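Residue numbers (my numbering), protein chains in the order written: chain A, 38 to 578; chain B, 91 to 339. So the structure is just underneath, and the comments pick up after that.
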């Protein structure tokens, strides 16, 4: 028998949505016993985002966040949008023609890791128990099927499954309500969506992979508050976009987001990003600078059309675990926070009056909220890009967002599955990526090094295969095993041996981005939690 | 017998250390901090001695900023009974740390002090030895085995080319090496309980120690980037390069 602990609410994942849930619950009822589990070694260690923050939800959570020292240090001062024609030429889109949803007046450039650290301090100040270094590995159910809580993973199990001298059994955390806020493609959220058929009335979810670097640059080139977005080169076979934000302390963040419905199996999001940095638009700032950190994370971007039901018996899904990101704004932090706050408000009502149903209480509140309004009015943005391409889709979005205010009386659906889009190597054009120069562009391993990623070596592999033969079988013959290229951390390798090709999983490198779980064409890879604390240790990301 | 263990807050061993752009120090802003791994081994050894019925109380002591409370709480979650923080800003020199430990050792009448052999940030390897000198008590450094027997302790030390076992009269000072033990994981309920265990704040002034600075940090520089290698076509070319370019033959 595992030991157990009882709470009113257990929250899985200490990011903006989970911590906003915890804080709002405590604000509504200080007596509640609330616990937050976080698989990273500390709060903020595993999270990364661009990020430009719209402070709307934060204003509602803490009116006085400025006095409380929230890390919103860099207001957006200038907004630029570009289309890159090729590796040399860029064209700036006049501000008037940019869809309104992409404008950033009143927003802040933040590190979502530091925002999470700050939110955690506020939550602890209100009496929330936060446990970093503990991964929720398993969902627990009551006999009637209601969610009962979660169990943390066992620690000190060897790669072959034996108990080491440091073995410590996992613990059960029981709660009246469990809130899952694991971020995009949470491994428990995925199970819940399936078990409770939460996505029956939703379009298939869509994803993207975001890769980000933090650079220390020449102070003479630094323009704090400058926000640059754009699309075009180097992505030919995929949709996506890039960002470059000048944050504080002479640092800039640069990143590329690649939609995971891309078709060409030769495409490597990592290498697309590396060559993007050689474009004059990036090079002008980065040249002579020093790369400080590196990371990657998948993004849930299906928006309104793909949003699953967020409530189920005894539990809720919030933030990117559900998919509340507003792709038209390229922002998910404010919506994730708001979804957590709405969840907290519903849970607190239901805890006080058990004649209420969580599903109805939440959906009534959600329907009245600006979150619903925001997601609904931008529901066509991404499907338009997918259906009509960047230019016509962009024109559609300009019309919908700037002229009609998101009230276009039609809804575009994108019902294709991201993982099913891949062409075979016979159909696709091979892409030759330039070698990294070691100044602006780098190889995968030196990048992973900067993410401070570490996993205890002697533990079971946390990247599990349903069928061991697929990577060197159909995935190799049809797609040249694309995991070698879509993984931004070099986890997957096909190694040629005398006995033939073998599939090697370097699980220690894993950044927990979840791309393999999403994009494997055979849906053969399942990401499970490694031992707690394992994974990246992002600073300021 | 009471045991004092030292706990230092240092940059996590997984984190790549970066030098500040003005070369004044390493950059620690928002980086993951943790208990110095050698101190963690010291905590584990003390807890094992308590579990074996040899120690009556384990007191974790840290000298540093108020943020070090986090590491003291971790030590208490692992099993230390209480903690003392000697609050001090900035870098504290080994001699001052040793003086603080000497005072607390006397106040608490500790029978054994277990410290990490060195911290992974400054790598000084001095506090244990200095503490032994200040208190005029025996020291067993680089311990890979510790056995308490009545009023003495046997310490197996890792020395060049082998092991040396020495017997020290208690009270004594022991510093830990890597192979002494493998620290346990903290349990969730123990982490919660640790929040309620006593943590006393004190300072050098309270302890009656006048802090003197003997060391000044002039400059911190990252190691020079490694130059890429070249492939040579023949032995003759290699010899020529060793002669003309490397100038080593």
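Even glycine gets a Cβ: it sits at the ideal position worked out from N, Cα and C. Small disclaimer: the values here were computed from a predicted structure and weren't measured.
Quick check: the Cα distance between residue 297 of chain B and residue 150 of chain B, rounded to an integer number of angstroms? Walking along the second chain from the start, residue 297 of chain B turns up at place 207. Walking along the second chain from the start, residue 150 of chain B turns up at place 60. Taking the straight line joining both Cα atoms gives about 17 Å.
Looking only at C-alpha atoms, which of A:332, A:192, A:326, A:271 sits nearest to residue 28 of chain A? Since the displayed chain A opens at 38 and closes at 578, residue 28 of chain A lies outside it and no answer follows.
Check each candidate in A:419, A:461, A:376 and name the one with the smallest Cα separation from residue 346 of chain A. Position 309 of the first chain holds residue 346 of chain A. Distances from the alpha-carbon of residue 346 of chain A to those of A:419, A:461, A:376 put A:376 closest.
Assigned secondary structure, residue 470 of chain A (DSSP; H/G/I helix, E/B strand, else coil): Against the first chain, residue 470 of chain A aligns to sequence position 433. Coil at residue 470 of chain A, not helix or strand.
Residue 49 of chain A and residue 187 of chain A closer than 9 Å at C-beta: Position 12 of the first chain, counted from the start, is the residue given in the question as residue 49 of chain A. Position 150 of the first chain, counted from the start, is the residue given in the question as residue 187 of chain A. Cβ distance < 9 Å, so residue 49 of chain A and residue 187 of chain A count as in contact.
The beta strand (DSSP E) enclosing residue 371 of chain A, as first and last residue numbers: As a position in the first chain, residue 371 of chain A is number 334, starting the count at 1. Here residue 371 of chain A belongs to no beta strand (DSSP E); instead the alpha helix (DSSP H) covers 370-389.
Is residue 363 of chain A helix, strand or coil when you go by DSSP? In the first chain, residue 363 of chain A corresponds to position 326, counting from 1. In this structure, residue 363 of chain A counts as strand in the three-state DSSP scheme.
What in chain A is Cβ-close to residue 104 of chain B, meaning under 7 Å? Walking along the second chain from the start, residue 104 of chain B turns up at place 14. Residues of chain A passing the Cβ test: 489, 491, 574.
Using only CA atoms, which one of A:105, A:541, A:73 lies nearest to residue 42 of chain A? Locating residue 42 of chain A in the first chain gives position 5, counting from the first residue. Answer by Cα proximity: A:73.
Taking just the CA atoms, how far does residue 270 of chain B sit from residue 131 of chain B? Taking the second chain and counting its residues from 1, the one referred to as residue 131 of chain B is at position 41. Taking the second chain and counting its residues from 1, the one referred to as residue 270 of chain B is at position 180. Going by the C-alpha atoms only, they are around 7 Å apart.
Minimum C-alpha distance to residue 94 of chain A - residue among A:511, A:544, A:370, A:564: Your numbering for residue 94 of chain A matches position 57 in the first chain. Ranking the options by Cα distance to residue 94 of chain A, first place goes to A:370.
Residue-chain proximity (residue 287 of chain A, chain B), Cβ-Cβ < 9 Å: Against the first chain, residue 287 of chain A aligns to sequence position 250. True, the Cβ-Cβ gap to chain B drops below 9 Å.
Which of the three DSSP states is assigned to residue 154 of chain A in this structure? Position 117 of the first chain, counted from the first residue, corresponds to residue 154 of chain A. Residue 154 of chain A: helix per DSSP, three-state reduction.
Which of the three DSSP states, helix, strand or coil, is assigned to residue 307 of chain A? Locating residue 307 of chain A in the first chain gives position 270, counting from the first residue. Residue 307 of chain A: helix per DSSP, three-state reduction.
Taking beta-carbon pairs under 7 Å, can you tell me which members of the region 271-285 of chain B lie near chain A? Correct list: 272, 274, 275, 277, 278, 279, 281, 282.
Could you check if residue 198 of chain A is buried or exposed, using at least 16 other CB atoms within 10 Å of its CB as the buried criterion? Your numbering for residue 198 of chain A matches position 161 in the first chain. It is exposed - the Cβ of residue 198 of chain A has fewer than 16 other Cβ atoms within 10 Å.
Proximity below 9 Å, CB of residue 98 of chain A to CB of residue 57 of chain A: Position 61 of the first chain holds residue 98 of chain A. Position 20 of the first chain holds residue 57 of chain A. The Cβ atoms of residue 98 of chain A and residue 57 of chain A sit closer than 9 Å to each other.
Hey, how far is the Cα of residue 394 of chain A from the Cα of residue 69 of chain A? Here residue 394 of chain A refers to the residue found at position 357 when the first chain is read from its first residue. Here residue 69 of chain A refers to the residue found at position 32 when the first chain is read from its first residue. C-alpha separation (whole angstroms): 19 Å.
Of the residues that make up the region 199-221 of chain A, which ones have a beta carbon closer than 7 Å to any beta carbon in chain E? The chain labelled as chain E is not found among the protein chains of the depicted structure, namely A and B.
I'd like the span of the beta strand (DSSP E) that includes residue 177 of chain B, first residue to last. On the second chain, residue 177 of chain B is found 87 positions in, with the first residue counted as 1. Annotation for residue 177 of chain B: the continuous beta strand (DSSP E) segment containing it runs 172-177.
Residues near residue 162 of chain B in its chain [Cβ-Cβ closer than 7 Å; skip 5 each side]: For this step, residue 162 of chain B is matched to residue 72 along the second chain. Cβ neighbours of residue 162 of chain B beyond the five flanking positions: 97, 150, 152, 173, 175, 289.
Minimum length 3: unbroken beta strand (DSSP E) runs contained in the region 40-121 of chain A: List check, beta strand (DSSP E) in window: 41-49, 71-75, 115-121.
Relative to chain B, which residues along the region 80-92 of chain A have a C-beta separation below 8 Å, given in chain order? Under the 8 Å Cβ criterion, the region 80-92 of chain A contributes 81, 82.
Say whether chain B places a C-beta atom closer than 9 Å to the C-beta of residue 148 of chain A. Within the first chain, residue 148 of chain A is the residue found at index 111, counting from 1. Yes, because at least one Cβ of chain B sits closer than 9 Å to the Cβ of residue 148 of chain A.
Between residue 189 of chain A and chain B, is any beta-carbon pair separated by less than 9 Å? Locating residue 189 of chain A in the first chain gives position 152, where the first residue counts as 1. By the rule that beta-carbons nearer than 9 Å mark a contact, residue 189 of chain A touches chain B.
Name, please, each residue of chain B whose Cβ falls closer than 8 Å to the Cβ of residue 546 of chain A. In the first chain, counting from the first residue as 1, residue 546 of chain A sits at position 509. When 8 Å is used as the limit between beta carbons, residue 546 of chain A is near no residue of chain B, the shortest such separation being about 13 Å.
With residue 459 of chain A and residue 222 of chain A assumed to form a contact (beta carbons below 8 Å), what rounded beta-carbon distance in angstroms separates them? Along the first chain, one-based indexing puts residue 459 of chain A at 422. Along the first chain, one-based indexing puts residue 222 of chain A at 185. Here residue 459 of chain A is actually not in contact with residue 222 of chain A; their C-beta atoms are around 18 Å apart, not less than 8 Å.
Interface residues of chain B facing residue 166 of chain A [CB-CB closer than 8 Å]: For the purposes of this step, residue 166 of chain A is taken as residue 129 along the first chain, with counting starting at 1. 282, listed in chain order.
Would you call the CB atoms of residue 33 of chain A and residue 189 of chain A closer than 9 Å? No answer is possible for residue 33 of chain A: the residues shown for chain A start at 38 and end at 578.
Check each candidate in A:450, A:200, A:263 and name the one with the smallest Cα separation from residue 593 of chain A. Outside the displayed range of chain A (38 to 578) lies residue 593 of chain A, so it cannot be described from this structure.
Own chain residues within Cβ distance below 8 Å of residue 96 of chain A, not counting five before or after: For the purposes of this step, residue 96 of chain A is taken as residue 59 along the first chain, with counting starting at 1. The beta carbon of residue 96 of chain A is closer than 8 Å to those of 102 in its chain, skipping five residues each way along the sequence.
How should residue 235 of chain A be labelled, buried or exposed, when 16 other C-beta atoms within 10 angstroms of its C-beta is the threshold for buried? The residue labelled residue 235 of chain A in the question sits at position 198 within the first chain. When all chains shown are included, residue 235 of chain A counts as buried.
Spatial neighbours of residue 247 of chain A in its chain, beta-carbon cut-off 7 Å, leaving aside the 5 residues before and after: By 1-based counting over the first chain, the position of residue 247 of chain A is 210. Closer than 7 Å at the Cβ level, and outside the excluded window around residue 247 of chain A, lie 292, 294, 333, 334, 336.
Residue of A:470, A:328, A:330, A:384 minimising C-alpha distance to residue 355 of chain A: The residue you call residue 355 of chain A lines up with position 318 of the first chain. That would be A:384, whose Cα lies nearest to the Cα of residue 355 of chain A.
Do you know offhand how far residue 81 of chain A's Cα is from residue 229 of chain A's? As a working note, residue 81 of chain A is residue 44 in the first chain. As a working note, residue 229 of chain A is residue 192 in the first chain. C-alpha separation (whole angstroms): 25 Å.
Span of the alpha helix (DSSP H) around residue 483 of chain A: The sequence position of residue 483 of chain A within the first chain is 446, counting from 1. Taken as a continuous stretch (DSSP letters only), the alpha helix (DSSP H) holding residue 483 of chain A covers 481-487.
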